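Worksheet for the structure shown next.
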Amino acid sequence: MINNNELIDKIKSYNRFLNSDSLNKAYNFALEAHQNQKREEGVPYIIHPVAVAKILTELKLDSATITTGLLHDTIEDTNVTYETVKKEFGEEVANLVEGVTKISALEDKASEDSKAENFRKLILATSKDIRVLLVKLADRLHNMRTIQFVKDKDKIIRKAKETMEIYAPLADRMGMNRIRDELEDLSFSVLNKPARDLILERLKFIKNNTEDTFKSISVELIEILKKNGITATITGREKTPFSIWRKIQNKKISLEQLTDIIGFRVIVNNVEDCYKTLGIFHSRFSTIPGKFKDYISTPKINKYKSIHTAVIGPKKNRIEIQIRTHDMHEFAQRGIASHWKYKSSEKFSELSWKEYDWLRDLVEIIEAGTSPEHYYEFTKLQMFQENVFCFTPKGAVIKLPKKATPIDFAYAVHTKIGNSAISCTVNGRQATLQTILKNGDLVNIETSKNASPSLHWLSSSATGKARSAIRKYWQDKSTEYSKVTEKNYSSTIEVDLPHKPGVLGHITSLIGLNKGNIVNLEIIKRKKDYLTFSFDLQIKDLKNFTNLISQIKQSDLKFKIIRHKQKKNAFIRRIFENFKRN
Numbered sequence: 002m003i004n005n006n007e008l009i010d011k012i013k014s015y016n017r018f019l020n021s022d023s024l025n026k027a028y029n030f031a032l033e034a035h036q037n038q039k040r041e042e043g044v045p046y047i048i049h050p051v052a053v054a055k056i057l058t059e060l061k062l063d064s065a066t067i068t069t070g071l072l073h074d075t076i077e078d079t080n081v082t083y084e085t086v087k088k089e090f091g092e093e094v095a096n097l098v099e100g101v102t103k104i105s106a107l108e109d110k111a112s113e114d115s116k117a118e119n120f121r122k123l124i125l126a127t128s129k130d131i132r133v134l135l136v137k138l139a140d141r142l143h144n145m146r147t148i149q150f151v152k153d154k155d156k157i158i159r160k161a162k163e164t165m166e167i168y169a170p171l172a173d174r175m176g177m178n179r180i181r182d183e184l185e186d187l188s189f190s191v192l193n194k195p196a197r198d199l200i201l202e203r204l205k206f207i208k209n210n211t212e213d214t215f216k217s218i219s220v221e222l223i224e225i226l227k228k229n230g231i232t233a234t235i236t237g238r239e240k241t242p243f244s245i246w247r248k249i250q251n252k253k254i255s256l257e258q259l260t261d262i263i264g265f266r267v268i269v270n271n272v273e274d275c276y277k278t279l280g281i282f283h284s285r286f287s288t289i290p291g292k293f294k295d296y297i298s299t300p301k302i303n304k305y306k307s308i309h310t311a312v313i314g315p316k317k318n319r320i321e322i323q324i325r326t327h328d329m330h331e332f333a334q335r336g337i338a339s340h341w342k343y344k345s346s347e348k349f350s351e352l353s354w355k356e357y358d359w360l361r362d363l364v365e366i367i368e369a370g371t372s373p374e375h376y377y378e379f380t381k382l383q384m385f386q387e388n389v390f391c392f393t394p395k396g397a398v399i400k401l402p403k404k405a406t407p408i409d410f411a412y413a414v415h416t417k418i419g420n421s422a423i424s425c426t427v428n429g430r431q432a433t434l435q436t437i438l439k440n441g442d443l444v445n446i447e448t449s450k451n452a453s454p455s456l457h458w459l460s461s462s463a464t465g466k467a468r469s470a471i472r473k474y475w476q477d478k479s480t481e482y483s484k485v486t487e488k489n490y491s492s493t494i495e496v497d498l499p500h501k502p503g504v505l506g507h508i509t510s511l512i513g514l515n516k517g518n519i520v521n522l523e524i525i526k527r528k529k530d531y532l533t534f535s536f537d538l539q540i541k542d543l544k545n546f547t548n549l550i551s552q553i554k555q556s557d558l559k560f561k562i563i564r565h566k567q568k569k570n571a572f573i574r575r576i577f578e579n580f581k582r583n
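Counted the way my numbering counts, the sequence shown spans residues 2 to 583.
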């Protein structure tokens with residue numbers, strides 16, 4: 002276990018604004034609070050919060066977040082209160098610790114609630130300060146590293162699934178690739194150990210056979226770049242077992258096909274050198290079609306930047322290459338955590354917060370939704386799709402996922418615009434609202450006060466925000482409509498009832514059970530074996546009426562439905578009235 006002095010030295014290596022006394026105090030406070038507790042593996046409990054703080058230190062986070070890492074279990078698992086933490090360490094740390102405590106309390110109820118409901122609670126708990134989520138990710142990462150010591154096997158599987166479905170995707174969405182990869186791999190080892198072992202065996206075999214090849218190709222690539230005046234660092238890019246498994250599942254290709262490509266990561270000094278490097282490699286080696294992606298000009302939705310390509314390299318080896326700057330590499334490893342620069346203070350800049358408006362969008366979708374499964378689907382759409390960038394007539398940039406339509410564009414501008422959209426123009430030409438938008442499209446939405454969104458738009462929209470707004474509009478309308486108008490349907494049933502006790506009571510009970518109201522009852526025919534009864538009914542729900550008819554059929558009674566008796570009677574009455582007047 003790392004001690005407090007080692008932890009402080011690690012933080013000082015990147016954060017000169019650290020208050021050592023405050024962190025020392027937090028370390029000793031946690032040590033005292035957890036002194037009589039042990040983890041499931043039998044070690045002192047303090048090892049866990051210190052390990053969480055170490056993970057946060059590796060992400061180079063600020064001292065408030067690391068202090069929270071040390072104290073994150075004190076309110077939940079000890080006698081320490083929010084007020085005590087606030088008094089000792091200030092309101093900022095107390096709020097962060099309380100936020101993490103709320104999420105931990107939600108996890109304990111995970112078996113009771115659906116995956117979607119837990120996801121909703123997690124997002125709402127972290128929406129005020131994203132550092133709460135960063136501490137929770139570090140907490141989950143250490144817990145997954147020690148998952149094998151948990152005695153409850155059902156709990157192990159539940160935690161692994163939860164990590165794979167919620168925490169790993171959130172780490173990915175924040176650009177924290179290293180944390181995401183480890184969370185996925187640890188979960189994969191629980192959920193599908195045989196597949197993981199098979200892939201690891203193959204990777205070990207490949208590494209042993211390609212180690213010399215990798216070194217010789219690296220040297221050759223560096224020499225080529227040097228001759229062209231570019232200084233670069235080249236490292237290997239090892240795929241994780243889970244990423245390989247996912248590609249096998251999605252692309253339906255064999256393990257051998259996927260693992261015979263050697264991966265290289267080329268890190269250069271600036272963006273200009275990235276494109277020069279690409280040009281050098283493409284002019285010297287044959288490219289593999291369909292493998293080029295420029296995430297520098299069009300970053301991924303989680304802000305990841307890099308150029309990806311694949312070529313037939315030296316000695317006819319198939320190689321994949323990622324080209325990026327040092328800053329891009331730093332972001333790819335640490336994600337949102339790389340925004341803490343520690344130039345003038347250790348505070349996270351407001352401009353950087355604005356890049357994470359997706360979290361606010363998720364909260365908006367969640368608060369608007371009524372069905373947990375729906376908003377889970379919509380928030381996943383909102384989180385993980387690639388982008389196209391379109392423009393409003395005034396030149397504002399609207400970021401949308403690929404395959405987005407003007408419907409998505411309208412809702413991205415404002416929900417009211419989406420709800421009242423009737424048509425649009427794309428690049429000055431009339432287009433349908435279902436048109437697929439491309440990068441750089443200029444979109445103008447035409448609206449009408451009397452318009453309303455169509456439910457058919459759900460199949461044409463690609464964003465969670467649009468789908469959520471359309472569903473909410475019609476849910477609100479249907480509630481409003483059902484309150485204002487309650488329809489009453491009238492019908493008459495004529496039934497032949499045999500001369501047996503209880504038969505009439507049976508029919509009237511069926512009518513009552515199906516929420517029918519008997520307005521009038523009369524005997525219209527008398528026979529030796531049966532009586533024909535006429536029931537005038539008032540019904541509010543046609544489904545109940547259908548159920549009533551099927552139940553009468555099952556009773557083996559002869560009956561018929563008179564649909565327009567009242568209209569017929571009204572017509573006869575008018576004839577008699579005219580006759581009397583004449």
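The beta-carbon is built from N, C-alpha and C at its ideal position, and this holds for glycine as well. If you're wondering where the values come from, they're calculated on a predicted model, not measured in any experiment.
- Sequence ranges, alpha helix (DSSP H) only - wholly within the segment 517 to 566, length at least 4: 543 to 555
- Query: What does a CB cutoff of less than 6 Å around Asn518 pick up in its chain, not counting 5 residues either side in sequence?
  - Reply: Gln539
- Query: Around the C-beta of Ala463, are 16 or more other C-beta atoms found within 10 angstroms, so that it is buried, or is it exposed?
  - Reply: buried
- Query: Does the beta-carbon distance from Ser298 to Met329 come in below 8 Å?
  - Reply: no
- Query: Considering Glu495, what are the terminal residues of the beta strand (DSSP E) in which it resides?
  - Reply: Tyr490 to Pro499
- Query: DSSP beta-bridge partners for Lys294?
  - Reply: His309
- Message: Please report the straight-line C-alpha distance between Ser345 and Ser64, rounded to a whole angstrom.
- Response: Only weak support exists for where Ser345 lies, its pLDDT of 49 falling under 50; the value from the coordinates is given anyway. Approximately 15 Å, taken between the alpha carbons.
- Message: Measuring straight from C-alpha to C-alpha, what distance separates Phe546 and Ile446?
- Response: 45 Å
- Task: Rounded to whole angstroms, what's the CA-CA distance from Gly506 to Asp530? Just pull it up for me.
- Result: 18 Å
- Nearest-angstrom Cα separation, counted from Arg247 out to Lys400: 27 Å
- Sequence-distant residues of the same chain with beta carbon closer than 7 Å to His143, five excluded per side: His49, Ala52, Val53 and Ile56
- Leu171, enclosing alpha helix (DSSP H) - first and last residue: Ala169 to Arg174
- Closest to Ile1 by CA distance: which of Ser535, Asn548 and Leu549 is it? With the chain represented from 2 up to 583, any question about residue 1 goes unanswered, as that position is not in the structure.
- Task: Could you say which of Gly429, Thr533 and Asn96 lies nearest to Pro394 if we only look at CA atoms?
- Result: Gly429
- DSSP state of Ile47, grouped into three classes? coil
- Task: Figure out for me which residue from Asp153, Gly419, Gly70 and Ala413 has the closest Cα to the Cα of Asn1.
- Result: No answer is possible for residue 1: it lies beyond the span of the chain, which begins at 2 and ends at 583.
- Message: So Ile268 and Arg325 are supposed to be a Cβ contact under 8 Å. How far apart are they, rounded?
- Response: 6 Å
- Query: Hey, Lys156 and Ile104 are a contact pair by Cβ (cut 8 Å); roughly how many whole angstroms apart?
  - Reply: Incorrect: roughly 17 Å between the Cβ atoms, too far for contact.
- Message: Is the beta carbon of Phe410 closer than 8 Å to that of Leu443?
- Response: no
- Message: Quick check on the DSSP output: the beta strand (DSSP E) that includes Ile268 runs from which residue to which?
- Response: Ile263 to Val269
- Item | Close beta carbons around Ser449, own chain, < 7 Å, minus the five adjacent residues each side | Ser421 and Ile423
- Query: In three-state terms, what does DSSP make of Thr66?
  - Reply: helix
- Query: Bridge partners of Gln431, per DSSP?
  - Reply: Thr426
- Query: Going straight from the alpha carbon of Thr69 to that of Ile289, what length do you get?
  - Reply: 48 Å
- Task: For Ser112, name the three-state secondary structure that DSSP assigns.
- Result: Caution is warranted here: a pLDDT of 49 is assigned to Ser112, below 50, making its placement in the model unreliable, and no coordinate value can be reported.
- Task: For Ile322, name the three-state secondary structure that DSSP assigns.
- Result: strand
- Message: Using 8 Å as the threshold, is the C-beta distance between Ile235 and Ile254 below it?
- Response: no
- Which of helix, strand or coil does DSSP assign to Leu279? helix
- Item | Neighbour-count burial assignment, Ala31, 16 or more Cβ in a 10 Å radius | buried
- Item | His500 to Arg527 span [Cα, whole Å] | 10 Å
- Query: In whole angstroms, what separates the C-alpha of Met384 from that of Ile302?
  - Reply: In this prediction, Met384 has a pLDDT of 49, which is less than 50 and means its spatial position is unreliable; what the coordinates show is noted afterwards. Between Met384 and Ile302, the C-alpha separation is close to 8 Å.
- Task: For Asn4, count neighbouring Cβ atoms within 10 angstroms of its own Cβ and tell me buried if that reaches 16, exposed if not.
- Result: exposed
- Going by alpha carbons, who is nearest to Val151 out of His327, Ser455, Ile494 and Gly43? Gly43
- Message: What does the alpha-carbon distance come out to for the pair Glu7 and Ile263?
- Response: 38 Å
- Given Leu226 as reference, the closest of Asp198, Leu192, Cys275 and Ile249 once Cα atoms are compared: Cys275
- Message: Measuring straight from C-alpha to C-alpha, what distance separates Val220 and Lys228?
- Response: 12 Å
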